[in-house]
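S.K.: Provided herewith is a single structure, encoded as structure tokens, for subsequent inquiry.
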Amino acid sequence: RKRIAVMTSGGDSPGMSGTVRAVVRQSIASGCTSYAVFEGYQGLVDGGEMIREMKWEDVRGWLSEGGTLIGTARCKAFMERPGRLKAANNMIVKGINALVICGGDGSLTGADKFRNEWPSLMEELVSKGMRTEDDVKPYKHLNIVGLVGSIDNDLSSTDATIGCYSSLQRICQSIDFIDATAFSHQRAFVIEVMGRHCGWLALMAGVSCGADFVFIPENPPTENWEEEMCNIIKRHRAMGKRKTIVIVAEGAHDRNLNHIHPKMVEELLSTRIGLDTRITTLGHVQRGGPPCAYDRMLATLQGVEAVKAVLEATPETVSPVICIVENKIVRRELVKAVQLTQEVAKAIERKDFEAAMKGRDAE
Ligand code: ADP
15 RKRIAVMTSG
25 GDSPGMSGTV
35 RAVVRQSIAS
45 GCTSYAVFEG
55 YQGLVDGGEM
65 IREMKWEDVR
75 GWLSEGGTLI
85 GTARCKAFME
95 RPGRLKAANN
105 MIVKGINALV
115 ICGGDGSLTG
125 ADKFRNEWPS
135 LMEELVSKGM
145 RTEDDVKPYK
155 HLNIVGLVGS
165 IDNDLSSTDA
175 TIGCYSSLQR
185 ICQSIDFIDA
195 TAFSHQRAFV
205 IEVMGRHCGW
215 LALMAGVSCG
225 ADFVFIPENP
235 PTENWEEEMC
245 NIIKRHRAMG
255 KRKTIVIVAE
265 GAHDRNLNHI
275 HPKMVEELLS
285 TRIGLDTRIT
295 TLGHVQRGGP
305 PCAYDRMLAT
315 LQGVEAVKAV
325 LEATPETVSP
335 VICIVENKIV
345 RRELVKAVQL
355 TQEVAKAIER
365 KDFEAAMKGR
375 DAE
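Numbering-wise (the UniProt record's numbering), the sequence shown opens with residue 15 and increments by one.
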């Protein structure tokens with residue numbers, strides 16, 4: 015009988031609670047015992063009450079809840095081996111032999127490291143006298159499955175991460191609100207959106223709201239972008255447009271990797287075009303609130319698939335991450351997905367923006 019634990023880790027996103035609900039209920043429906051690890055890897059390291067058995071009714075109503083109701087955290091201790099040794103010990107104490115993790119690429123990297131180290135962690139537990147040979151015998155392998163929860167939509171190998179469409183929806187709503195007042199006063203607004211190193215939210219918000227100009231990290235503007243942007247906006251104004259919307263991704267920079275700050279854009283619009291310009295930083299409203307229908311669907315279908323992957327895993331299977339590709343729920347190699355994602359970051363660092371753009375498309 016499998017004992018499956020689910021946890022959420024790293025930055026929160028709408029739909030994480032729905033993911034936990036799906037994993038808990040599918041685990042129970044499949045005849046397994048379900049556990050939740052509270053507060054991400056910190057809960058795994060601390061053990062005790064932080065790892066609790068979950069019943070069917072414990073997750074009632076969670077599908078429409080924002081954030082993650084089992085908490086999430088960034089955990090330094092898990093970055094080091096002694097922390098992971100404690101985590102392994104706690105899992106054995108609770109009898110857990112499979113772990114489903116919903117988080118970003120950092121959390122998934124940690125998960126894979128944990129799985130690779132698992133046999134040596136078992137040896138260390140025995141050699142240090144923390145567990146006996148008999149204790150660790152049933153735990154030869156750790157079964158790990160990843161789910162991608164992030165508003166940034168920054169993981170390669172999947173078309174969408176759990177939470178990204180809720181966040182995009184919130185951004186669009188916010189820009190609609192701003193549009194009305196911008197139109198009334200003929201103002202310009204520079205809007206900063208989240209996404210860390212990924213421009214997906216900014217770009218899709220730009221498309222969905224008809225923005226005048228968008229700054230994203232993967233495809234920085236040309237060398238003389240100041241002039242280019244001002245010309246485009248002047249042209250739009252000359253065509254009778256009463257409002258101007260410029261979207262700046264939080265990770266935006268120029269071709270030399272100098273950060274493009276909304277303040278710089280605001281100054282350009284005010285001084286060069288003479289527009290009455292305001293800055294709006296949308297901030298954490300982009301992460302909160304109830305998940306949209308798409309994220310609820312993704313959370314549920316992917317949570318179910320994660321439990322199936324746990325039940326079908328053999329010691330030889332490589333750890334999967336559950337993805338959506340061309341509208342189908344599929345399993346991909348967790349390590350590869352993380353590697354592809356990190357390659358995009360590296361491409362940006364070495365200013366190879368063509369590779370960065372290609373990397374975002376990569377399966
Ligand atoms: P995200 O999962 O959203 O990318 P982080 O990168 O902050 O967020 O990772 C969340 C947590 O995952 C970290 O606080 C740490 O506990 C764990 N983690 C991340 N990277 C590693 C790693 N290389 N080794 C072990 N644990 C890691």
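Yeah, the Cβ is synthetic: ideal placement off N, Cα and C, and Gly gets one too.
Quantities reported herein were computed from a predicted structural model and do not represent experimental measurements.
(1) So, at 6 Å on beta carbons, what are the nonlocal neighbours of alanine 327 in its own chain, with the 5 sequence-adjacent residues on each side left out?
(2) Does the ligand ADP have even one heavy atom less than 8 Å from the beta-carbon of arginine 122?
(3) Kindly indicate which three-state DSSP category alanine 112 falls into: helix, strand or coil?
(4) With a threshold of 7 Å on Cβ separation, who are the neighbours of arginine 39 within its own chain once the five nearest residues in sequence on each side are excluded?
(5) Taking the alpha helix (DSSP H) that glutamate 347 falls in, what are its first and last residues?
(6) So, with DSSP's three-state summary, where would you put alanine 286?
(7) At a cut of 8 Å, does the stretch 47-64 reach the stretch 94-103 through at least three beta carbon pairs?
(8) Rounded to the nearest angstrom, what separates histidine 155 and alanine 112 at their Cα positions?
(9) How would you call serine 41, buried or exposed, if buried means at least 16 neighbouring beta carbons within 10 angstroms?
(10) Under DSSP, the alpha helix (DSSP H) around phenylalanine 197 begins and ends at which residues?
(11) Can you give me the C-alpha to C-alpha distance between alanine 102 and leucine 139, rounded to a whole angstrom?
(12) Going along the chain, which residues of its own chain have a beta-carbon closer than 6 Å to the beta-carbon of alanine 196, five neighbours each way excluded?
(13) Following the continuous alpha helix (DSSP H) through proline 152, name the residue where it begins and the one where it ends.
(14) Determine the direct distance from the alpha carbon of glutamine 356 to that of aspartate 166, and round the result to whole angstroms.
(15) Assuming the contact rule is C-beta atoms closer than 8 Å, alanine 219 and valine 260 should be a hit. Round their C-beta distance to whole Å, please.
(16) Decide if histidine 211 is buried, meaning its Cβ has at least 16 other Cβ atoms within 10 Å, or exposed.
(17) Below 8 Å, can you find three or more Cβ-Cβ pairs linking the stretch 285-294 to the stretch 307-323?
(18) By the three-class DSSP mapping on this structure, what secondary structure does valine 228 have?
(19) If distances are taken between C-alpha atoms only, which option among Val207, Glu206, Ile247 and Asp268 comes closest to proline 235?
(20) Return the first residue and the last residue of the alpha helix (DSSP H) that valine 204 is part of.
(21) Taking 8 Å as the threshold, find out whether the stretch 296-312 comes into contact with the stretch 172-192 through three or more Cβ pairs.
(22) Quick check on this structure: which residue in Arg15, Glu280, Glu237 and Ser141 has the alpha carbon closest to the alpha carbon of cysteine 46?
(23) May I ask which residues mark the beginning and end of the alpha helix (DSSP H) holding threonine 314?
(24) Could you pull out every residue in the same chain whose Cβ sits closer than 6 Å to the Cβ of arginine 88, ignoring the five residues on either side in sequence?
(25) Are the stretch 113-122 and the stretch 19-38 touching by the rule of at least three beta carbon pairs closer than 8 Å?
(26) Identify which residue in Ile84, Trp214 and Cys223 has its Cα closest to the Cα of glutamate 232.
(27) Using only the alpha-carbon positions, how far apart do asparagine 270 and tyrosine 49 sit?
M.R.: This is what the structure holds:
(1) Asn157
(2) The residue asked about is misnamed: residue 122 is leucine in this sequence, not arginine. Indeed, a heavy atom of the ligand ADP lies less than 8 Å from the Cβ.
(3) strand
(4) Trp70 and Val73
(5) First-last for glutamate 347: 342-347, but that is the beta strand (DSSP E), not the alpha helix (DSSP H).
(6) The residue you asked about is not alanine; residue 286 is arginine in the sequence shown. It is helical.
(7) yes
(8) 9 Å
(9) buried
(10) 178-199
(11) 9 Å
(12) Phe203 and Lys257
(13) No alpha helix (DSSP H) contains proline 152, which DSSP labels as neither H nor E.
(14) 14 Å
(15) That pair is no contact at about 11 Å.
(16) buried
(17) no
(18) strand
(19) Asp268
(20) Counting along the chain, valine 204 falls outside any alpha helix (DSSP H), though it belongs to the beta strand (DSSP E) covering 202-207.
(21) yes
(22) Arg15
(23) 307-326
(24) none
(25) yes
(26) Trp214
(27) 48 Å
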